[in-house]
Amino acid sequence: MTKSLNIGMIGYGFMGRTHSNAYNRVPNFFDLEYRPVLKAVCGRNAEAVQKFADTWGYESVETDWRKLVARDDIDAIDICVPNNLHKEMAIAAAEAGKMILCEKPIAMNVAEGEEMCQAAEKAGVANTVWYNYRRVPAVTLAKQIVDSGKLGRIFHYRANFLQDWTIAEDLPQGGEALWRLDAAAAGSGVTGDLLAHCIDTALWINGGITDVSAMTETFIKQREHQLTGKVEQVSIDDACTFMCHFNNGSLGLFESTRYARGHKALYTFEINGEHASIRWDLHDLHRLEYYDHADESIVRGWRNIHVTDGDQPYMDHWWVPGLQIGYEHTFVHQVADFLEGIAKGEPVRPTFRDALETQKVCDAVLASAKDRSWQQV
Ligand code: SOE
């Protein structure tokens with residue numbers, strides 16, 4: 048018999064929509080022991096949160112997150128609020144014995160993330176961080192190919208995450224929709240917001256990072272704060288580039304910016320190995336490019352794999368071969384894996400501890416840029 052997993056979600060912005068959609072869709076496509084039930088959503092604006100609840104099918108609303116966490120009818124707390132609120136909410140949820148699904152990055156910094164890990168581990172509650180790009184079928188396939196050894200020794204890991212939405216000087220910082228520009232709410236700029244995705248994928252596919260050397264830039268130094276109306280210093284990094292060494296001896300090169308005119312969400316990575324290379328591009332997310340030096344020379348070249356076959360990751364749950372899926376499905380996959388993990392009593396990756404490793408790299412990157420030095424992770 049299907050068991051219910053009662054979800055209480057805090058926050059209802061862009062990520063709240065992706066998660067809610069995933070909870071709704073998952074039972075249609077995955078045959079699992081647990082089925083998410085949208086019990087309650089929480090936000091401070093009663094009218095807006097009620098509208099959200101009606102749209103997505105939540106049974107009730109709360110305007111005080113502490114009340115939500117205290118409710119006996121909630122099994123799992125989903126945290127989709129700005130980063131400065133993650134720690135307090137996650138610790139309260141763990142102490143109340145709730146499972147936790149937290150948006151990325153795990154926290155404002157490593158110290159906060161460590162506290163969250165300890166709280167979740169002490170309480171023994173299932174926990175995960177929404178690094179959704181791991182669950183793009185083509186990205187999962189890239190991981191499987193690397194794990195199979197087809198690439199041989201890895202020499203290079205290269206990743207970019209490019210956007211252009213903050214170029215306008217009159218764009219305010221802070222408040223609804225713009226908290227990512229406010230260091231007090233976000234902790235950092237592109238490092239925690241975008242590079243964190245690239246780092247999570249890299250650690251998962253290529254293993255740990257030992258040390259980093261980074262540079263950051265804040266191109267627009269002052270912006271009006273949406274909440275105070277005052278012109279204030281901008282303290283986030285608008286762009287960040289870093290190089291690093293991986294434990295496996297390969298070299299890493301990462302770049303992220305919100306000032307790459309023309310690029311809206313161009314997340315790409317390329318891995319070069321002794322025998323083969325792989326590359327992936329979020330704008331063409333259902334494809335994986337693969338070059339195998341073992342191919343006969345007259346036909347050797349980059350293959351463009353359309354990742355839609357039933358024997359490729361997750362695809363047996365969707366349509367028929369040749370018909371692709373998209374961004375929203377990555378969240379459906381994460382929910383499916385979460386539900387499967389709790390049914391089996393197994394950790395759901397990335398756990399808080401896994402996400403803390405990403406946070407360690409982010410903190411080292413920011414420290415390196417500040418000091419203009421190499422930093423150990
Ligand atoms: C920022 O614009 C953003 O929405 C990130 O916060 C997400 O994590 C990323 O997936 C897309 O871009």
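If you're matching positions, the sequence shown starts at 48 in the numbering used here and goes up one per residue. Positions of the beta carbon are idealized from the N, C-alpha and C atoms, including for glycine.
- Distance from the Cα of residue 406 is smallest, within the candidate group 218, 296, 235, for 235.
- At the C-beta level, residue 137 and residue 163 come within 8 Å of one another.
- Listed in chain order, the non-local C-beta contacts of residue 321 below 6 Å within the same chain comprise 199, 200, local neighbours out to five positions each way being set aside.
- The DSSP-derived three-state label of residue 328 is strand.
- At the C-beta level, residue 149 and residue 63 stay beyond 8 Å of one another.
- Within its own chain, the residues whose Cβ lies closer than 6 Å to the Cβ of residue 368, once the five positions on either side in sequence are excluded, are 355, 356, listed in chain order.
- Taking C-beta separations shorter than 7 Å and ignoring five residues to either side along the sequence, residue 215 has no partners in its chain.
- The beta-carbon separation of residue 252 and residue 190, rounded to 5 Å, stays under the 8 Å limit for a contact.
- Distances between the C-beta of residue 211 and the heavy atoms of the ligand SOE are all 7 Å or more.
- The beta carbons of residue 319 and residue 334 sit no closer together than 8 Å.
- Sequence-distant Cβ neighbours of residue 178 in its own chain, meaning closer than 6 Å and more than five residues away, are 151, 247, 397.
- Proximity of the beta carbon of residue 312 to the ligand SOE is indicated: a heavy atom of the ligand is located closer than 7 Å.
- Residue 420 has its alpha-carbon roughly 46 Å from the corresponding atom of residue 117.
- Nearest to residue 218 by alpha-carbon distance, out of 195, 264, 281, is 281.
- Inter-residue distance for residue 109 and residue 227 is about 24 Å (C-alpha atoms, whole angstroms).
- Around the beta-carbon of residue 363, fewer than 16 other beta-carbon atoms lie within 10 Å, marking it exposed.
- Contact between residue 266 and residue 285 holds: their C-beta atoms lie close to 5 Å from each other, under 8 Å.
- Taken in chain order, the whole beta strand (DSSP E) runs of length 3 or more contained in the segment 187-213 are 201-209.
- Taken in chain order, the complete beta strand (DSSP E) segments of 3 or more residues contained in the segment 226-313 are 256-264, 269-271, 278-280, 286-293, 298-304.
- Excluding the 5 residues flanking it on each side, residue 314 has same chain C-beta neighbours closer than 6 Å at 208, 329, in chain order.
- Distance from residue 186 to residue 180 at the Cβ level is roughly 6 Å; contact confirmed, criterion being Cβ atoms closer than 8 Å.
- DSSP, read as helix, strand or coil, puts residue 380 in helix.
- The beta carbons of residue 233 and residue 130 sit closer together than 8 Å.
- Annotated as proximal: residue 424 and residue 257, with beta-carbon spacing under 8 Å.
- Looking at the backbone, the Cα of residue 336 and that of residue 325 are separated by about 6 Å.
- For residue 164, no beta strand (DSSP E) run applies; the uninterrupted alpha helix (DSSP H) run containing it begins and ends at 157-170, by DSSP.
- Approximately 13 Å separates the beta-carbon atoms of residue 401 and residue 157; this is outside 8 Å, ruling out the contact.
- For residue 241, the Cβ falls inside the 7 Å cut-off from some heavy atom of the ligand SOE.
- Apart from the 5 residues on each side of it in sequence, residue 155 sits with its Cβ closer than 7 Å to the Cβ of 130, 131, 234 in its chain, given in chain order.
- Taking the Cα positions, residue 77 is about 12 Å away from residue 376.
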